[in-house]
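Engineer:
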Amino acid sequence: IFVMGNLLQRRQTSFNPKLAVKKSWFPRVGTLLEKISEPTIKEYSEKLQKNPFIRPETEGEKAAAQLIKYVNYVGESIPGSMTEVHNMREEMFAIVNTDGLPHIFLTLNPSDTNSPIAQVLAGRDINLDKFFDNLKPGAENMERSTFIAQNPIAAAQFFDTSV
């Protein structure tokens, strides 16, 4: 299920890609784009994949590194994208502007490793009569934690169910 979700997210990102630049940066971005060629982009991206901390060497690579600072990738309605985070932030500011600051902050953090619901959602066959018998530190905690860690979709479903 996790692989399928990843494939769907990649599919969404490749069908509606857009690049956004602030209006004041247009002249800088234009001159940087003139310095970059397609082979330079391919070579520099290969170098970055091998070592993300590599320093640009050629003039084209330096222009590409500068361009990364000015250009933002914009994807509409892609879960987990920076655009979604930006939209949620704008929505929060709009709510604060219309309704004022919230008076109570509440943080919920349900324990998925000690919950039988999370274990069942992860596909584990458990006996509820014996589930809480060995909850002393380290009894089965590592096994439960790895089972949840291997099933991130089940952890997300548990969070949605419990909250």
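Just so you know, we're using UniProt numbering here: the sequence shown kicks off at 1 and counts up by one.
Idealized CB from N, CA, C, for every residue including glycine.
Note that the structure is a prediction, hence the values are computed from the model and not measured.
1. Do you know offhand how far Met-4's Cα is from Asn-151's?
2. In the DSSP assignment, the alpha helix (DSSP H) including Ser-162 goes from what residue to what residue?
3. Kindly list the residues whose CB is nearer than 8 Å to the CB of Ser-145, restricted to its own chain and excluding five residues on each side of it in sequence; keep chain order.
4. With DSSP collapsed to three states, give me the class of Leu-19.
5. Tell me which residues share the same chain as Val-71 and place their Cβ nearer than 8 Å to its Cβ, disregarding the 5 neighbours each side in the sequence.
6. With a 10 Å radius around its C-beta and 16 neighbouring C-beta atoms as the bar for buried, classify Phe-15 as buried or exposed.
7. If you pair each beta-carbon of the segment 57–66 with each one of the segment 36–47, do three or more pairs fall below 8 Å?
8. Rounded to a whole number of angstroms, what is the C-alpha to C-alpha distance between Arg-10 and Asn-97?
9. Curious, which full-length alpha helix (DSSP H) runs of at least 4 residues does the segment 80–150 contain?
10. Look at Leu-121 and Ala-94 and say whether their C-beta atoms are less than 8 Å apart.
11. Determine the direct distance from the alpha carbon of Phe-158 to that of Arg-124, and round the result to whole angstroms.
12. Which residue or residues does DSSP assign as beta-bridge partners of Asn-72?
13. Express the C-alpha separation of Thr-31 and Phe-147 in angstroms, rounding to a whole number.
14. Taking its Cβ as the centre, do 16 or more other Cβ atoms sit within 10 Å of Gln-49, making it buried, or is it exposed?
15. To the nearest angstrom, how far is it from the Cα of Ser-45 to the Cα of Asp-129?
Structural biologist: With the given structure in hand:
1. Mapped onto the sequence shown, residue 4 falls at position 4. Mapped onto the sequence shown, residue 151 falls at position 151. Cα-Cα distance, rounded: 13 Å.
2. Residue mapping note: residue 162 aligns to position 162 of the sequence shown, counting from 1. Boundaries of the alpha helix (DSSP H) harbouring Ser-162: 152–162, taken from the DSSP string.
3. On the sequence shown, residue 145 is found 145 positions in, with the first residue counted as 1. Around Ser-145: Thr-113.
4. Position 19 of the sequence shown holds residue 19. Three-state DSSP puts Leu-19 in a strand.
5. Counting from 1 along the sequence shown, the entry for residue 71 is found at position 71. These residues qualify, in order along the chain: Leu-19, Ala-20, Val-21 and Val-29.
6. Against the sequence shown, residue 15 aligns to sequence position 15. So Phe-15 counts as exposed.
7. These segments touch.
8. As a first step, residue 10 must be located in the sequence shown, where it is residue number 10. As a first step, residue 97 must be located in the sequence shown, where it is residue number 97. Answer to the nearest angstrom: the Cα atoms are 35 Å apart.
9. For the segment 80–150, whole alpha helix (DSSP H) runs of length 4 or above, ordered along the chain, are 82–99, 116–121, 128–131 and 141–149.
10. Taking the sequence shown and counting its residues from 1, the one referred to as residue 121 is at position 121. Taking the sequence shown and counting its residues from 1, the one referred to as residue 94 is at position 94. Between Leu-121 and Ala-94, the C-beta gap is not smaller than 8 Å, which leaves the two residues out of contact.
11. For the purposes of this step, residue 124 is taken as residue 124 along the sequence shown, with counting starting at 1. For the purposes of this step, residue 158 is taken as residue 158 along the sequence shown, with counting starting at 1. Cα-Cα distance, rounded: 13 Å.
12. The sequence position of residue 72 within the sequence shown is 72, counting from 1. BP columns for Asn-72 point to Ala-20.
13. For the purposes of this step, residue 147 is taken as the residue at position 147 of the sequence shown. For the purposes of this step, residue 31 is taken as the residue at position 31 of the sequence shown. Note on geometry: alpha-carbon atoms of Phe-147 and Thr-31 lie some 52 Å from one another.
14. Sequence index remark: in the sequence shown, residue 49 carries index 49 (1-based). Within a 10 Å sphere around the beta-carbon of Gln-49 sit fewer than 16 other beta-carbons, which makes this residue exposed.
15. To locate residue 45, count along the sequence shown from 1; it is residue 45. To locate residue 129, count along the sequence shown from 1; it is residue 129. Roughly 55 Å separates the two Cα atoms.
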